[in-house]
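Residue 182 in my numbering sits at position 201 of the sequence shown, with consecutive numbering throughout.
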Amino acid sequence: NGAQKVVMVMGLSASHAGWEYLLPFLAGNQSRYQVAVFDNRGIGNSLCPNKTEDYSMEIFAADTIAVADALGWDQFHLVGFSMGGMICQTVAALYPQRLLSLALLATTARRSIQERIPPVSELPSLLNWVLARSEEEKAEADLRMHFDDEYLQREFVDGATIRDFWLRVYLEDRAAAEKTQGQAWCGFTGQLSALTNFGLTTERIATIRKSLRVPVLIMSGKKDRIVHPESGRLLHNYLTRGVIGNAPPLSGERCRLVRLDAGHFLPIQKRREVASSLLS
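Printed below as a string of structure tokens:
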């Protein structure tokens, strides 16, 4: 019930449960913060429109504001992961007056070809991810896309690796999802359509520069296989380098870039570091 309100926005094909491994590292600050996590439209307990035109970053941004409005939060800290980071970029451009801070984790502005595709060296992994058929193949491919090899090979407990642990968790989650039918196809295609049509425009970069008067944190993984590892640096450059129109750049003190030795799923793999950076 803390006075500082925080809204956290998850990524493609992931429900609010994607935050569950990070939240305990924020829990020691209950007297200071109150955190809201929710399902984006198209997954979990939120509505799942059938038409792709009912999905866009602007609509997702309005949904995010609607959550804050329903809670009675006029201003809040905003945290977004992956596609959730794209949603948060859009919120920052359209509703800058609502934000107390902005944190963008493992995300991209999707302004260039480099920012729109994974690293070329990871395309075989992406192909395996798409072509996987059995639940075990899907689990293996999904883990490899979201985490780097060094992390997965670390010993977890009693000789088992972190990969073994997440493989079990993944298969259990998939089995549970099968019972509840998981994400509907219309939800996946709708979210994917919104993602592929997103690109942070020059006009919106200028708006963020001129209108956002709060701290910005950008965190990226150097071994990310889904979002190009340079995307975080490029996003930081868009906000802090040169002059766009009459919009001066954000200062390095106000817009901070943190690059971690990790894969894509920073809220899990680097939850301690992410929590520490958010709290600071």
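Backbone N, C-alpha and C fix where the C-beta goes; we use that ideal spot for every residue, glycine too.
- Query: Which runs of the alpha helix (DSSP H), 4 residues or longer, sit entirely within the region 92 to 123?
  - Reply: 94 to 97 and 104 to 112
- Message: By alpha-carbon positions, which one of 84, 240 and 9 ends up nearest to residue 64?
- Response: Counting from one through the sequence shown, the residue named residue 64 turns up at place 83. When only C-alpha atoms are compared, the closest one is 84.
- Query: Is the region 134 to 146 touching the region 181 to 191, taking contact as three or more C-beta pairs under 8 Å?
  - Reply: no
- At which residue ranges does the region 193 to 251 contain complete alpha helix (DSSP H) runs of 4 or more residues, listed in the order of the chain? 212 to 221 and 247 to 250
- Query: Applying the criterion that 16 or more other CB atoms from any shown protein chain within 10 Å of the CB defines a buried residue, is residue 50 buried or exposed?
  - Reply: The sequence position of residue 50 within the sequence shown is 69, counting from 1. Exposed, by the Cβ-count rule.
- How many Å lie between residue 70 and residue 248 at the Cα? Locating residue 70 in the sequence shown gives position 89, counting from the first residue. Locating residue 248 in the sequence shown gives position 267, counting from the first residue. Taking the straight line joining both Cα atoms gives about 18 Å.
- Task: Tell me whether the beta-carbon of residue 220 lies closer than 8 Å to the beta-carbon of residue 80.
- Result: Position 239 of the sequence shown, counted from the first residue, corresponds to residue 220. Position 99 of the sequence shown, counted from the first residue, corresponds to residue 80. The answer is no: Cβ separation not under 8 Å.
- Query: Using the rule of at least 16 other Cβ atoms within 10 Å of the residue's Cβ for burial, across every protein chain shown, is residue 94 buried or exposed?
  - Reply: Your numbering for residue 94 matches position 113 in the sequence shown. Looking at its Cβ environment, which holds fewer than 16 other Cβ atoms inside 10 Å, residue 94 is exposed.
- Message: Quick check on this structure: which residue in -15, 11 and 21 has the alpha carbon closest to the alpha carbon of residue -2?
- Response: The residue you call residue -2 lines up with position 17 of the sequence shown. For the residues -15, 11 and 21, the minimum Cα distance to residue -2 belongs to 21.
- From the DSSP output, in three-state form, read off residue -14 for me. The residue given as residue -14 occupies position 5 in the sequence shown. Residue -14: strand per DSSP, three-state reduction.
- Query: Among 48, 9, 8 and 16, which has the Cα closest to the Cα of residue 27?
  - Reply: Within the sequence shown, residue 27 is the residue found at index 46, counting from 1. It is 48.
- Message: If you follow the beta strand (DSSP E) that residue 2 is in, where does it begin and where does it stop?
- Response: In the sequence shown, residue 2 corresponds to position 21, counting from 1. Careful: residue 2 lies outside any beta strand (DSSP E) and carries neither H nor E.
- Close beta carbons around residue 31, own chain, < 7 Å, minus the five adjacent residues each side: Position 50 of the sequence shown holds residue 31. Around residue 31: 167.
- Task: Kindly identify the DSSP beta-bridge partner or partners of residue 151.
- Result: Within the sequence shown, numbered from 1, the residue matching residue 151 stands at position 170. In the DSSP output, where bridge partners are listed per residue, residue 151 has none listed.
- Beta-carbon separation of residue 241 and residue 202 under 8 Å? Within the sequence shown, the letter at position 260 stands for residue 241. Within the sequence shown, the letter at position 221 stands for residue 202. Yes. Within cutoff.
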